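Numbered by mature numbering (1 follows the signal peptide of the UniProt record, and there is no 0), the letters in the sequence shown go through residues -17 to -1, 1 to 251 in order. Where a beta carbon is used, it is the ideal one built from N, C-alpha and C, also for glycine. Just so you know, these numbers come straight off a predicted model, no measurement behind them. Working notes, beginning with the structure itself.
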Amino acid sequence: MRSLALLAILGSSLALADAQVKVAPHTLLRLPTTTGLLVLDRLEIADAGTLLIPSTLTEIRVGELSLGREASIGIAPSDQEFRLEARHAEFGAGSRISARGAAGSHEKPATAGRNLSLRLEQADLADLILDVRGGAGAPGYAGLDGANGKSAGCAWGQASRGHDGLNGGDGRPGGAGGRIRLEVPEDFPAENVQVRLEGGAGGVAGTAGQGGRGGSAKGCWIYSTDGPAMADRDRPGNQGRPAGKASSIWCVSLHPRSENAGKARREG
């Protein structure tokens, strides 16, 4: 696919020939914002290298896929499933494919992990981590501090008490975990694959506001008008709730001589 000349590079070296993409050791490569399908003869990510895939890309088909030690593929969050298909794949120790949801903020809720479909016709691997955890929830708002009490006049009234601080806001819920579908050879060493499917952690509770200081009257020699020093602090908010574990993994064995593949489902 010769249109790969449009690839954008951030802090890494890129080699492109005969539809090949190579990420040098300890460097980062970001693919451009393109949509749909990307077809490659070879995709190689060297030791500790990282390839970032935009949310608009939904599928990569590659003849040879190679991830070195601690190499990783990071897939941006999206509502659309991402599919990676390789005729032959090699995964070094500590290699990772991550499609985690984005953490929430006060403006946006946490997003779910992206659904991932992985088809490997032949595979050699030391170990592999597949991570589709949901994003963490945003923290709750801090409670407002209470207003200070009013000061008293020397010839009238007593200084008023400070007002209570307001409650802290509840933490926001985390995003749901994504789903994973694996299509692998019958002799694939599934025990060497670690899967992360959890929903994101709920946000921490907002802190309660401080109580306001009591009013006072200084220099009054007729009588004391000092008010209470400080009001009570109100309670903090509640810890955010994590999104439930509505995620799963499907493992499909590829049988070269059979049209019907056997299926085994494991809930996350």
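Q) With burial defined as no fewer than 16 other Cβ atoms inside 10 Å of the residue's Cβ, what is the status of D170: buried or exposed? A) D170 should be labelled exposed.
Is it right to say L20 is buried, meaning 16 or more other beta carbons lie within 10 angstroms of its own, or is it exposed?
-> By the beta-carbon neighbour count (other beta carbons within 10 angstroms, threshold 16), L20 is exposed.
Decide yes or no for the touch test of the segment 184 to 191 against the segment 109 to 125: beta carbon pairs closer than 8 Å, at least 3 of them.
By the Cβ criterion, the segment 184 to 191 is in contact with the segment 109 to 125, since at least three pairs of Cβ atoms, one from each stretch, lie closer than 8 Å.
Notebook entry, point to check: Can you name the residues that DSSP bridges to V45?
Noted result: Here V45 is bridged, per DSSP, to L23, A69.
What's the call for R79, buried or exposed, on a 16-neighbour Cβ count within 10 Å? Label assigned to R79: buried.
Within 10 angstroms of the Cβ of E27, are there 16 or more other Cβ atoms? Answer buried if so, exposed if not. Flag for E27 reads buried.
Practice problem: Mark D24 as exposed unless 16 or more other C-beta atoms lie within 10 angstroms of its C-beta, in which case mark it buried. | Solution: Exposed, since its Cβ has fewer than 16 Cβ neighbours within 10 Å.
- Query: For N175 and chain C, any beta-carbon pair shorter than 8 Å?
  - Reply: This model lacks chain C altogether, as it is built from one protein chain only.
Item checked: Residue burial classification, I232 (beta-carbon count within 10 angstroms, cutoff 16) -> The residue in question, I232, is buried, as its Cβ has 16 or more Cβ neighbours within 10 Å.
- Query: Which residues in the same chain as P168 place their Cβ atom closer than 6 Å to its Cβ, once the five residues preceding and following it in sequence are excluded?
  - Reply: Cβ within range, chain order: L237.
> Between the segment 52 to 66 and the segment 33 to 41, do three or more beta carbon pairs fall short of 8 Å?
Replying inline: These segments touch.
Item checked: In DSSP terms, what S78 is bridged to -> Note: S78 sits in a beta bridge opposite L111.
Does the separation of the CB atoms of G87 and A54 fall below 8 Å?
No.
What's the C-alpha gap between L127 and G157?
-> Computed Cα separation, rounded: 25 Å.
- Can you tell which of N131, R155, G151 has its C-alpha closest to the C-alpha of R144? When C-alpha distances from R144 are compared across N131, R155, G151, the shortest belongs to N131.
TODO: Starting from the C-beta of A173, find all residues in its chain whose C-beta is less than 7 Å away, skip the five residues before and the five after it, and write them out in chain order.
DONE: Excluding residues within five positions, the ones whose Cβ falls inside 7 Å are C234.
Notebook entry, point to check: Tell me, which residues are paired with L149 by DSSP?
Noted result: Paired residues: none, contrary to the question.
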